[in-house]
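Q:
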Amino acid sequence: MKFSLLHKDAKSEARAGLLETDHGAIETPIFMPVGTLGDVKAIEHRELLENGAQIILGNTYHLYLRPGTDTIKRAGGLHKFIGWNLPILTDSGGYQVFSLAKLRKLTQEGVQFQSHIDGSKHFFRPEDVVDIQKKLGSDICMVLDECPPYPCSHEYALRSNILTMEWAERCKTHFEKTPPLYGHSQSLFPIVQGSVFEDIRLQSAEQLVKMDFEGYAIGGVSVGESKEDVYRIAEMNCAVLPSAKPRYLMGVGTPLDILECISRGVDMFDCVMPTRNARNGTLFTTYGKITIRNASYAEDFTPIDENCGCYTCTNFTRAYVRHLSNIQEIVGHQLTTIHNIYFYLWLVKEARKHIQSNTFVQFKDAFISRYESHEATRGHDSGRKTKVRRIPKDYEVTKSK
RNA sequence: GGGUAGUUGGCGGAGUGGUCAAUCGCAACAGACUGUAAAUCUGUCGAGCUUAGCUCUACGGAGGUUCAAAUCCUUCACUACCCA
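My numbering applies: residue 1 is where the first sequence begins, and numbers increase by one.
#1: Residues in its own chain within less than 6 Å of residue 81 by CB, not counting five upstream and five downstream?
#2: Within this structure, are the beta carbons of residue 217 and residue 165 separated by less than 8 Å?
#3: Considering only residues of the same chain and omitting the five flanking positions on each side of residue 122, which have a CB-CB separation below 6 Å?
#4: Short of 7 Å in beta carbon distance, which residues of its chain neighbour residue 222, apart from the five on each side in sequence? Order them along the chain.
#5: How do the region 267-277 and the region 34-42 stand: do at least 3 beta-carbon pairs fall below 8 Å, yes or no?
#6: With 16 as the cutoff for other CB atoms within 10 Å, does residue 405 come out buried or exposed?
#7: Can you say whether residue 285 is buried or exposed, counting buried as having 16 or more other CB atoms within 10 angstroms of its CB?
#8: Pick out whichever of 168, 280, 193, 173 has its Cα sitting closest to the Cα of residue 160.
#9: Whose C-alpha, out of 305, 69, 328, 356, is nearest the C-alpha of residue 370?
#10: Distance, Cα to Cα, residue 134 vs residue 69?
#11: Given a threshold of 16 other Cβ atoms within 10 Å of its Cβ, counted over all protein chains shown, does residue 13 qualify as buried or as exposed?
#12: Taking the straight line between their C-alpha atoms, what separation do you get for residue 240 and residue 320?
#13: By alpha-carbon positions, which one of 54, 45, 340 ends up nearest to residue 28?
#14: By Cβ distance below 8 Å, which residues in the same chain neighbour residue 386 in space, the five residues on each side in sequence not counted?
#15: Could you have a look at residue 139 and say whether DSSP puts it in helix, strand or coil?
#16: Please report the straight-line C-alpha distance between residue 176 and residue 246, rounded to a whole angstrom.
#17: Beta-carbon within less than 7 Å of residue 17's beta-carbon, same chain only, minus the 5 sequence neighbours each way: which residues are those?
#18: Pairing CB atoms from the region 143-159 with CB atoms from the region 93-108, are three or more of them under 8 Å?
#19: List the endpoints of the continuous beta strand (DSSP E) containing residue 86.
#20: For residue 106 and residue 340, I'd like the C-alpha separation in whole angstroms.
#21: Exposed or buried, what is residue 204 when buried is set at 16 or more other beta-carbons lying within 10 Å of its beta-carbon?
#22: Using three-state DSSP, classify residue 308 as helix, strand or coil.
#23: Report the partner residues of residue 32 according to the DSSP bridge assignment.
#24: Let me know the secondary structure DSSP gives residue 376 once reduced to three states.
#25: Is the separation between the beta-carbon of residue 158 and that of residue 200 shorter than 8 Å?
#26: On the DSSP letters alone, give me the boundaries of the alpha helix (DSSP H) that residue 7 sits inside.
#27: Do residue 169 and residue 211 come within 8 Å of each other at the CB atom, strictly closer than that value?
#28: Please go through the same chain and pick out, in chain order, the residues whose beta-carbon is closer than 6 Å to the beta-carbon of residue 380, but skip the five residues on each side of it.
#29: What runs of the alpha helix (DSSP H), each 4 residues or longer, lie entirely inside the region 272-335?
#30: Hey, how far is the Cα of residue 49 from the Cα of residue 154?
#31: Excluding five sequence neighbours on each side, which residues of the same chain lie with their C-beta closer than 7 Å to the C-beta of residue 116?
#32: State the start and end residues of the unbroken alpha helix (DSSP H) segment that holds residue 235.
#33: Using beta-carbon positions only, say whether residue 141 and residue 185 come within less than 8 Å of one another.
#34: Where DSSP assigns a beta bridge to residue 360, which residues make up the other side?
#35: Enumerate, from N- to C-terminal direction, the unbroken beta strand (DSSP E) stretches of 3 or more residues contained entirely within the region 133-184.
#36: What are the boundary residues of the beta strand (DSSP E) that residue 111 is part of?
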């Protein structure tokens, strides 16, 4: 893998780069559609290509369970198995440590998952996660990490980060002594953690930089903290990550989040939002998000976004898309997903263009202003609500008497 | 013509004397969704108001019994099936 920093924006930390892998180059900043199980839901590979996708995600935990690592290995790797010839990044299952918290047990050695499918138990050591990703043949592999919940105590975040650092080291050691299986090279990214705590975040990033990876991910965000926290974390972490290496902010986000974080120096994003929301009837437009199922679109014979060049907007009306969405027609999911994916990829492409011409900040401000004014008009909450959860017992500070 | 069963909120369909403005499903309406246990989930869903409460109108129509009726009685209308 080779990363070239092509241009740094004059008025922000935004960067335009080129990430070259054996499966092709990726123009950064980039949005990576999430294809957890080996497909981006409700959209075909050819449609992804038509809409400008350059890399997709897969998930180690999910693919390990189904169809199984060995099946994919016998198929000749994940690219061959799913028929996707462009780059693939696989997440490690670290997020599932968070999202399947009720079904897992953490130890220093690794994490035990109880399958959400059949309840069977599986143990992942950091080394196992590397082995699985070698068998998958991912262009970019992720280390196993613990994504701590929000909120969590400083003490918990600190302990958690120590574990994540240790696991990153183990992953790297194992990764380096395991040759790739399919003739193409693979890279490994570690994940910065530390919850919302600046000291831990910085320590985490610095420690990983010392280990020297080909790229770095910022994790543990978009788990319920405020968007201000997300931006702050992106900013403080990017400041200490090497500028010559790609930076990947995991799980982010809304169109605004992506622009804000690009301006803080992030190169890569992934999020289920465009695909999941499409299936659930929320569509992104240059003037805010719309809920296509709403009655107000029943006889709206205009495109979802008149500024959009996607297949859906070029050929169909809001009224028709609403109808398809309302009757839960498969092609409805397909059309909404095409639109949202196109929109996200269009957004990062525009961002890149403006970075290269040093007009990114103007572009961002104009985009946000238009996007937010509409949302305000519609009474939508454009901002992210802070979900305050009860801290689970094991995440609380243990008071020593 | 005779018999039997039925008629409940937009629809389907519970409910057989008070805890019923009425379970539930669908439809409808609105909201949520951020490294996907999600084509999912949540809320509203008779009307009005000074909206954690109150008032009014409601279970085919009319009348009756009762302190109290969607629930019991009479009658009318309609629907389905069976017999002639």
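Backbone N, C-alpha and C fix where the C-beta goes; we use that ideal spot for every residue, glycine too.
Everything numeric in this text was worked out from a predicted model, so none of it was measured.
A: Let me lay it out:
#1: So the list reads 72, 75, once near-sequence residues are dropped.
#2: Cβ atoms of residue 217 and residue 165: not closer than 8 Å.
#3: Taken in chain order, the residues that qualify are 113.
#4: Here the set comprises 230, 251, 252, 253.
#5: The region 267-277, when compared against the region 34-42, does touch it at the 8 Å Cβ threshold.
#6: The requested residue 405 does not occur in the structure, where the chain is confined to residues 1 to 401.
#7: The residue in question, residue 285, is buried, as its Cβ has 16 or more Cβ neighbours within 10 Å.
#8: For residue 160, the nearest C-alpha among the options comes from 193.
#9: Closest by alpha carbon: 305.
#10: Rounded to whole angstroms, residue 134 to residue 69 spans 10 Å at the Cα level.
#11: Around the beta carbon of residue 13, 16 or more other beta carbons lie within 10 angstroms, which makes this residue buried.
#12: If I take the Cα positions, the gap works out to 49 Å.
#13: Among 54, 45, 340, the Cα nearest to that of residue 28 belongs to 54.
#14: Confidence at residue 386 is low in this model, with a pLDDT of 34, below 50, so its placement is unreliable and the value that follows should be read with caution. If the five residues before and after residue 386 are omitted, its C-beta is found closer than 8 Å to the C-beta atoms of 224, 225, 226, all from its own chain and listed in chain order.
#15: Reduced to three states, the DSSP call for residue 139 is coil.
#16: In a straight line, the C-alpha of residue 176 is about 19 Å away from that of residue 246.
#17: In its chain, beyond the 5 residues on either side, 3, 4, 5, 6, 28, 246, 267 have a beta carbon closer than 7 Å to the beta carbon of residue 17.
#18: Contact between the region 143-159 and the region 93-108 is present, because at least three Cβ pairs lie under 8 Å.
#19: Counted as a single uninterrupted DSSP element, the stretch harbouring residue 86 is not any beta strand (DSSP E), since DSSP gives it neither H nor E.
#20: So the alpha carbons of these two residues sit roughly 36 Å apart.
#21: Buried: at least 16 other Cβ atoms inside 10 Å.
#22: DSSP places residue 308 in coil when its eight states are reduced to three.
#23: Per DSSP, 270.
#24: For residue 376, the pLDDT reaches just 49, beneath the cut-off of 50, and the residue's location in the model is therefore unreliable, leaving the point undetermined.
#25: In this structure, residue 200 lies closer than 8 Å to residue 158 by Cβ.
#26: Run containing residue 7: none in the alpha helix (DSSP H); it sits in the beta strand (DSSP E), 2-8.
#27: Yes; because the gap between Cβ atoms is below 8 Å, this pair is in contact.
#28: Only weak support is given to the placement of residue 380: the predicted model assigns it a pLDDT of 35, under 50, and the question is left unresolved by the model.
#29: Within the region 272-335, the complete alpha helix (DSSP H) runs of at least 4 residues fall at 273-279, 311-315, 318-326.
#30: Those two C-alpha atoms are separated by around 43 Å.
#31: The residues 100, 103, in chain order, have a CB closer than 7 Å to that of residue 116 in the same chain once the five nearest residues on each side in sequence are set aside.
#32: Residue 235 -> alpha helix (DSSP H) spans 227-240.
#33: Contact check for residue 141 against residue 185 fails: the beta carbons are separated by 8 Å or more.
#34: None; residue 360 has no bridge partner.
#35: Unbroken beta strand (DSSP E) stretches of 3 residues or longer found wholly inside the region 133-184: 140-142, given in chain order.
#36: It spans 111-114 - the beta strand (DSSP E) in which residue 111 sits, taken as one unbroken run.
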